[in-house]
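Since the structure comes first, as structure tokens, the remarks are kept for the end.
Have a look at this one:
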């Protein structure tokens, strides 16, 4: 329905001051234009109709219950508390303990002070560099972006050594070999082939050899393995770097073949920055190094294409101080939300300990739901911190999370909004080269298989990838049978879409519970309690009604966005 539209936005950081009401919470992102959509008259707002007043009353009743249930399950007086209490740590809110048991988020949460020092060091060294560069005869003849690239490449290598110690040699060797492939085969069809083969082999080899050991080469080199740096497990996050390696080689390959729009010298939006190639001289090693190891985005992203990164250095985008401050407050609000959840809802520890004996189907569902919300937040927070760092440096990378996890009803829209920069990367380097819409079903299976293996070389995530591909098919069929262009004016269409949205939401929750939360065994137990008992079936019926209402509110929220000039495909 309303998730199929898009409009060109001038920047990721349009001020929210022009927006009204709840839409002020919307994160603005650049989007491609959709002909005829922006001029279409939107229906009148439904917020004050009897139908939506009923929905709003039910929201006021139901949402607090959704919060109260996991809080009750996390009480020290609950019978299952002793089963997971060993996973809790001392907290700082109201004398409560904190569920800091998720290893991935714990590594970020515990290192926030260190990341703060790294960010401060980056801007401190940058200020010193700029001061001396202005008075250096050696750098006086350089253009501003050339000076900046010299600083970024130098700081990046130093940061790499500090993070990974002696393993920085391994990282530099891999990215140099990838650069050699691009420069050796240039516009040849062997370039994309060898790029993908090389990087795929590297991903598998990194995992299998756990980042490699110098001692394997010779026992006398074993001392190098002890120089691990602050983050010795470099291979764990190298999959992010791999995306940048592919981006550089493919952008250079297309530049050599003259593919892409020509530069007109005008201001470039996000899409044009991505697709407009540079003169081949810009695809040099120093620029490549600055891009691949760009400090704010090196560890976890968001992901930028090489073309976009270089255009922003040459023609900086306008980023106001106010927009950066607003974004910083948004990040802090999300961080505090996560802290409140971890201090009052111990659902991660409950899930990991399987401490759900005697819980009702409703309570089991809330354990799964809040675990999914925590997964969303634990990814959103580092991405927003690193994007904030880049914005402070004058670089505007894509926003990764543009919808709350609970504000999605379409699998296709969900993957456009979740890890959005990765989605944009996949569209440019996999989806379009494979033919795009010519064979959506086959392409989707291939893409989600790649996405699963890219995240983790495990059968559980491969199962997740296949489930996501399977669950996309009903939406594609529904869009074919009931196209919005023909049916959107019908009074029944919105309600039919809401019924489909209920199915979509249930399928998306199923796939993500398997992939990122409880696995296939945990899902099997949850389903046995939901559909294997009368109590579970009664709850399931009520849950479907609640999801139907939630879908209607999501539809109207997007309609309100479009009334205020925000058009989005998710």
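In my numbering, the protein residues as written are -6 to 563. Note that CB positions come from ideal geometry on N, CA and C, so glycine has one too.
In terms of Cα proximity to residue 324, the closest of 98, 274 and 378 is 378. Rounded to whole angstroms, residue 500 and residue 444 show a C-alpha spacing of 18 Å.
Distance from the CA atom of residue 86 to the CA atom of residue 92, rounded to whole angstroms, is 12 Å. The way I'd put it, the stretch 549 to 558 does touch the stretch 34 to 41; three or more beta-carbon pairs between them come closer than 8 Å.
Inclusion of residue 440 and residue 424 in the CB contact set at 8 Å is warranted, their separation being smaller than that value. The distance from the Cβ of residue 163 to that of residue 205 is about 6 Å, consistent with a contact at the 8 Å cut-off. In this structure, residue 374 lies away from residue 398, with their beta-carbon atoms at least 8 Å apart. Residue 48 is positioned such that its CB atom lies no closer than 8 Å to that of residue 346.
With a cutoff of 8 Å on beta-carbon distance, residue 434 and residue 495 are scored as not near each other.
Its Cα nearest to that of residue 339, the residue 359 stands out among 310, 173, 359 and 290. Counting along the chain, the unbroken alpha helix (DSSP H) around residue 138 starts and ends at 137 to 157. Looking at 167, 96, 223 and 182, the one whose alpha-carbon comes closest to that of residue 157 is 223.
Of the residues assessed, residue 384 falls on the buried side of the cut-off, its CB having 16 or more other CB atoms within 10 angstroms.
For residue 475, there is no enclosing alpha helix (DSSP H), as DSSP marks it with neither H nor E. Considering only 559, 354 and 493, the residue with the shortest C-alpha distance to residue 526 is 354. Contact check for residue 246 against residue 185 passes: the beta carbons are separated by less than 8 Å.
Counting only runs of 4+ residues, the alpha helix (DSSP H) found wholly inside the stretch 268 to 349 occupies 278 to 285, 288 to 291, 299 to 307, 314 to 337 and 340 to 346, in chain order.
Boundaries of the alpha helix (DSSP H) harbouring residue 234: 231 to 249, taken from the DSSP string.
For residue 539, the enclosing alpha helix (DSSP H) begins and ends at 527 to 556. Across the structure, residue 503 and residue 269 are spaced so that their CA atoms are roughly 40 Å apart. By the 16-neighbour rule on beta-carbons within 10 angstroms, residue 468 is buried.
In the same chain as residue 267, and ignoring 5 residues on each side of it, the C-beta atoms closer than 6 Å to its own belong to 298, 300 and 301, in chain order. In the DSSP assignment, residue 409 falls within the alpha helix (DSSP H) that extends over 404 to 410. Contact between the stretch 210 to 223 and the stretch 277 to 286 is absent, with fewer than three C-beta pairs closer than 8 Å. Looking at the DSSP output, residue 91 shares a beta bridge with 82. Here the alpha carbons of residue 388 and residue 140 stand approximately 15 Å from one another. Look at residue 215 here: in three-state DSSP terms it is helix.
Within 10 angstroms of the beta-carbon of residue 352 lie 16 or more other beta-carbons, which makes it buried. For residue 424, there is no enclosing alpha helix (DSSP H), as DSSP marks it with neither H nor E.
About 7 Å separates the Cβ atoms of residue 160 and residue 225, confirming a contact at the 8 Å cut-off. Note on geometry: alpha-carbon atoms of residue 178 and residue 166 lie some 19 Å from one another. For residue 388, the secondary structure class from DSSP, reduced to helix, strand or coil, is coil. Residue 293 is not a Cβ neighbour of residue 173, given a cutoff of 8 Å. Secondary structure of residue 100 (DSSP, three-state): helix. In this structure residue 295 is not in contact with residue 409, their Cβ atoms being roughly 14 Å apart against a cut-off of 8 Å.
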